[in-house]
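Colleague: Order-wise, the sequence lines are chains E and Z.
Numbering of the first sequence is given in the working numbering, commencing with residue 2 and proceeding in unit increments.
Numbering of the second sequence is given in the working numbering, commencing with residue 2 and proceeding in unit increments.
Note that beta-carbon positions come from the ideal geometry of N, C-alpha and C, so glycine has one too.
Number of protein chains: 2
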Amino acid sequence: MNPSGISNSVIKRLPRYYRFLGELKKEGLARISSRELSARMQLTASQIRQDLNCFGEFGQQGYGYNIELLQDEIAKILGLDKPQNAIIIGVGNLGRAIAHYINFEAKGFHLIGMFDAKESLVGQMVRNVPIRHISTLDEFCRENMPHAAILCIPKEVSKEICDQLIKLGVKGFLNFSHYDIALDHPDVEVENIHFGDSLMRLSYKLSN
Amino acid sequence: MNPSGISNSVIKRLPRYYRFLGELKKEGLARISSRELSARMQLTASQIRQDLNCFGEFGQQGYGYNIELLQDEIAKILGLDKPQNAIIIGVGNLGRAIAHYINFEAKGFHLIGMFDAKESLVGQMVRNVPIRHISTLDEFCRENMPHAAILCIPKEVSKEICDQLIKLGVKGFLNFSHYDIALDHPDVEVENIHFGDSLMRLSYKLSN
DNA sequence: AAAGATTGTTAAAAAATTGAACAAGTTTAT
DNA sequence: ATAAACTTGTTCAATTTTTTAACAATCTTT
């Protein structure tokens, strides 16, 4: 069990609930029962009720759940209603794609800066956010206090930047590098996305 | 337990073992014991021995593991020694970044094609692979038999393309879209990467 | 006011994961 | 050559996690 008292598998499922509820809303539906939702999501109704019950009582007997209301509640649970400032470190192909591709506001974050070591990139705007030189990171963080950093840099430079960011008060990382942040900094929240690992697992599954 | 008889958590750890062994090799080391490796990876020695024992006996009493040999064995387990043909569907910011950023050959795949619906992209080369028009997908697949597809397209078009690809014999997906492939096609191998979900989980962790 | 539906909650069952222990076999040092 | 020090593969038990089933309480609908 987590420090929070909520198991990891529940937390992992939350964004999916959020997404499905968004779709139901789009379909114009107003209410849904755990049984209907379970059929759609390929879960058991029991599991859905239990998952939600970790955080409160959002349904009504005989009625089910109000879709919009439940989605809002899950948004609150996920903290989406209080966006946190985030910066992107590394604006190569990946960093740039992330900046373009992701709707940060809808995922609980507000992108306030991008940093790279390449002088030629400095000053460029991506989605109204300017690329700054990595040497200005300290100053920027002291002034703007980002909560989270998205690491789109190679493993080799990750440790140094991480140390720096953590000293500056950054508490969370979306980590695309293969540097093991959590191992060196157990006090910090990390979400890892490792394309390579995912591909290797796919390779495994296809080979066996 | 999996069809294969190997638990998911073991499979999830395999790429990390592979990476760590690669680093040890780079450091010029030739052998390592489960205890040393466990200290580096923040696991128990027992777990490492048990994980490896799922696939065979790769160590020697009193000696430990030969690093290069063990890495090779894990490569074989992951199927990295027999690269599978892969295609990228959707060459927007994300697809392009993936194509540039990932060393497919090192992860068990061989990138043989990229597809997009935008005429203006057709003919462009990315890493020596040409972008083709999505209308030529059928023909291409029948001739080249890709095993895996990397979906860098929006949810709305994913279902249709998936159906098409599966009919054409594609067995594995690296899925960046929010379409639930596994739900409609339980017979197919899928690795999901959902940036949005990861960000929301990070938001949750930072808010609680 | 009765019938039907569905939640929140509890408790049990099942499954997965972890950790400790040790015989058997290797290596290293003397 | 021998003994001491290591380290694996493997087993077993313990723990934890996850899932499922069940039902009283309560709401909705007719």
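Roughly how many angstroms lie between the CA atoms of Z:A150 and Z:A76, to the nearest whole one?
Modeller: Distance between the alpha carbons of Z:A150 and Z:A76 is about 21 Å.
Colleague: Does the CB of E:I88 have a neighbour CB from chain Z at under 8 Å?
Modeller: No, its Cβ sits nowhere closer than 8 Å to a Cβ of chain Z.
Colleague: Which ranges does the beta strand (DSSP E) cover as unbroken runs of at least 3 residues, wholly within the segment 45-120 of chain Z, from first to last along the chain?
Modeller: With a minimum length of 3 residues, the continuous beta strand (DSSP E) runs that stay inside the segment 45-120 of chain Z are 65-67, 85-90, 110-117.
Colleague: Kindly indicate which three-state DSSP category E:A149 falls into: helix, strand or coil?
Modeller: If DSSP states are grouped into helix, strand and coil, E:A149 belongs with the strands.
Colleague: Looking only at its chain, what residues have a beta carbon closer than 8 Å to the beta carbon of E:K172, apart from the 5 residues adjacent to it on each side?
Modeller: The residues are H148, A149, V189, E190.
Colleague: Go ahead and label Z:Y205 buried or exposed: buried means 16 or more other beta carbons lie within 10 angstroms of its beta carbon, across all protein chains shown.
Modeller: Burial call: buried.
Colleague: Checking contacts by CB at 8 Å: is E:H186 closer than that to chain Z?
Modeller: Not one chain Z Cβ lies under 8 Å of E:H186.
Colleague: Hey, is Z:M126's beta-carbon within less than 8 Å of any beta-carbon in chain E?
Modeller: So no, Z:M126 is outside the interface.
Colleague: In whole angstroms, what separates the C-alpha of Z:E161 from that of Z:P187?
Modeller: Looking at the two C-alpha atoms, the distance is approximately 16 Å.
Colleague: Check whether the Cβ of Z:Q51 lies closer than 8 Å to any Cβ atom in chain E.
Modeller: No, no contact with chain E.
Colleague: What residues from chain Z crowd round E:S204, counting only those whose CB sits closer than 9 Å?
Modeller: Simply L79, G80, L81, K83, P84, Q85, K108, G109, F110, A149, G173.
Colleague: State the CB to CB distance for the pair Z:K119 and Z:Q72, rounded to an integer number of angstroms; the pair is presumed to be in contact (CB under 8 Å).
Modeller: About 41 Å; that fails the 8 Å criterion.
Colleague: Taking Cβ to Cβ, would you say E:S159 is nearer than 8 Å to E:L152?
Modeller: Yes, Cβ-Cβ distance for E:S159 and E:L152 is below 8 Å.
Colleague: Alpha carbon to alpha carbon, what distance is there between E:P131 and E:A87?
Modeller: Between E:A87 and E:P131, the C-alpha separation is close to 13 Å.
Colleague: Taking only beta-carbon atoms, is E:S5 less than 8 Å away from chain Z?
Modeller: E:S5 counts as touching chain Z.
Colleague: Taking all protein chains shown into account, do 16 or more other C-beta atoms lie within 10 angstroms of the C-beta of Z:L122, making it buried, or fewer, making it exposed?
Modeller: By the 10 Å Cβ count, Z:L122 comes out buried.
Colleague: Compare the C-beta of Z:G197 with all C-beta atoms of chain E and state if any pair is closer than 8 Å.
Modeller: Yes, Z:G197 counts as interfacial toward chain E.
Colleague: Would Z:E37 count as contacting chain E if we go by Cβ distances under 8 Å?
Modeller: Chain E contact via Cβ: absent.
Colleague: Compute the Euclidean distance between the alpha carbons of E:E192 and Z:R202, then round it to the nearest angstrom.
Modeller: So the alpha carbons of these two residues sit roughly 8 Å apart.
Colleague: Taking the continuous beta strand (DSSP E) assigned at E:F177, which residues delimit it?
Modeller: Neither: E:F177 is in no beta strand (DSSP E) and is coded neither H nor E.
Colleague: So, for E:H179: in the same chain, excluding its five sequence neighbours on each side, which residues have a beta-carbon less than 7 Å away from its beta-carbon?
Modeller: The residues are K156, H195.
Colleague: Express the C-alpha separation of Z:Y18 and Z:S8 in angstroms, rounding to a whole number.
Modeller: So the alpha carbons of these two residues sit roughly 16 Å apart.
Colleague: Are any of the Cβ atoms in chain Z nearer than 8 Å to that of E:P16?
Modeller: For E:P16, the answer is yes, since a Cβ of chain Z falls inside 8 Å of its Cβ.
Colleague: Secondary structure at E:E192, three-state DSSP: helix, strand or coil?
Modeller: It is a strand residue.
Colleague: Leaving out the 5 sequence neighbours to the left and right, which residues in its chain are closer than 8 Å to E:R32 when beta-carbon positions are compared?
Modeller: The residues are Y64, G65, Y66, N67, I68.
Colleague: So that I know if they touch, is there some Cβ in chain E lying closer than 8 Å to that of Z:Q43?
Modeller: Chain E contact via Cβ: present.
Colleague: Where do the ends of the beta strand (DSSP E) carrying Z:V130 lie?
Modeller: Taken as a continuous stretch (DSSP letters only), the beta strand (DSSP E) holding Z:V130 covers 130-134.
Colleague: Is the Cβ-Cβ distance between E:F177 and E:L79 less than 8 Å?
Modeller: No.
Colleague: Among the candidates E:R128, E:I99, E:Q125, E:D82, whose CA atom is the shortest distance from the CA of E:G109?
Modeller: Per the Cα distances, E:D82.
Colleague: When DSSP labels each residue in this structure, what does Z:I154 get in the three-state scheme?
Modeller: Z:I154: coil per DSSP, three-state reduction.
Colleague: Between which two residues does the alpha helix (DSSP H) harbouring Z:L15 extend?
Modeller: Element bounds for Z:L15: 9-27.
Colleague: If you measure from the beta carbon of Z:N129 to each beta carbon in chain E, is any gap under 8 Å?
Modeller: Not an interface residue.
Colleague: Is E:R20 closer than 8 Å to E:D52 when the C-beta atoms are compared?
Modeller: Contact flag unset, no.
Colleague: I want to verify the contact list: residues of chain E whose CB lies under 7 Å from the CB of Z:E192, in sequence order.
Modeller: The contacting residues are S199, R202, L203.
Colleague: Answer yes or no: the CB of Z:P155 versus the heavy atoms of the ligand GTP, is any distance below 7 Å?
Modeller: Of ligands this structure carries none, so the ligand GTP is not represented either.
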